[in-house]
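Asker:
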Amino acid sequence: MFARWGQENFFKYMMEEFGIDTLVSYLKVKIPLTTELINPQYRAVENLRKKATSKLNSIKAKFATLTLNQESIEEKKMEKYMLKKKELKEAIEEKEAELEEIKQQRK
13 MFARWGQENF FKYMMEEFGI DTLVSYLKVK IPLTTELINP QYRAVENLRK KATSKLNSIK
73 AKFATLTLNQ ESIEEKKMEK YMLKKKELKE AIEEKEAELE EIKQQRK
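Next up, the structure:
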């Protein structure tokens with residue numbers, strides 16, 4: 013008895029909320045058998061990879077401009093220049109390692 017009562021309540025709800033008792037037409041529409049779904053975890057890892065790649069490219073661009081804009085540098089400024097270059101090089105290596113880790117997760 014309770015099973016039928018549950019079914020009746022379900023159908024009443026579906027008719028009120030979703031209009032399952034009203035047919036739009038009697039035409040048959042072919043539904044494709046296969047649809048591509050992307051794994052949400054893969055999508056999240058791919059977004060991380062894209063962000064890491066863009067950050068790596070921006071750091072590499074800073075490093076390249078620092079290297080290409082090299083003019084005759086005084087000894088006082090040379091230490092600052094070398095320190096900045098070293099920091100950028102370390103940041104590049106760190107981001108490359110992070111990117112490799114993300115690529116391994118993606119596989």
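The sequence shown stops at residue 119 when you use our numbering, and every number in between is there.
The beta carbon of each residue, even a glycine, is placed where N, CA and C say it ideally should be.
All figures in this text were calculated on a predicted structure; none of them were measured in a lab.
#1: Check serine 37 in the structure and name its three-state DSSP category.
#2: Going by CA-CA distance only, name the one from Leu39, Trp17, Lys92 and Ser70 that's closest to lysine 107.
#3: What is the residue span of the alpha helix (DSSP H) that lysine 24 lies within?
#4: I need the DSSP call for leucine 45, collapsed to helix, strand or coil.
#5: So, does the segment 94-103 touch the segment 60-78, judging by three or more C-beta pairs under 8 Å?
#6: In three-state DSSP terms, what is lysine 72?
#7: Report yes if the C-beta distance between phenylalanine 104 and leucine 60 is below 8 Å; otherwise report no.
Answerer: The answer reads as follows:
#1: Shown here, serine 37 sits in coil according to DSSP, grouped into three states, outside any helix or strand.
#2: The shortest Cα separation from lysine 107 among Leu39, Trp17, Lys92 and Ser70 belongs to Ser70.
#3: Run containing lysine 24: 14-30, per the alpha helix (DSSP H) assignment.
#4: Coil.
#5: Pairwise C-beta distances place the segment 94-103 in contact with the segment 60-78, as three or more of them are shorter than 8 Å.
#6: Here lysine 72 sits in helix by DSSP.
#7: In the sequence as presented, phenylalanine is not what sits at residue 104; that position holds isoleucine. Inclusion of isoleucine 104 and leucine 60 in the CB contact set at 8 Å is not warranted, their separation being larger than that value.
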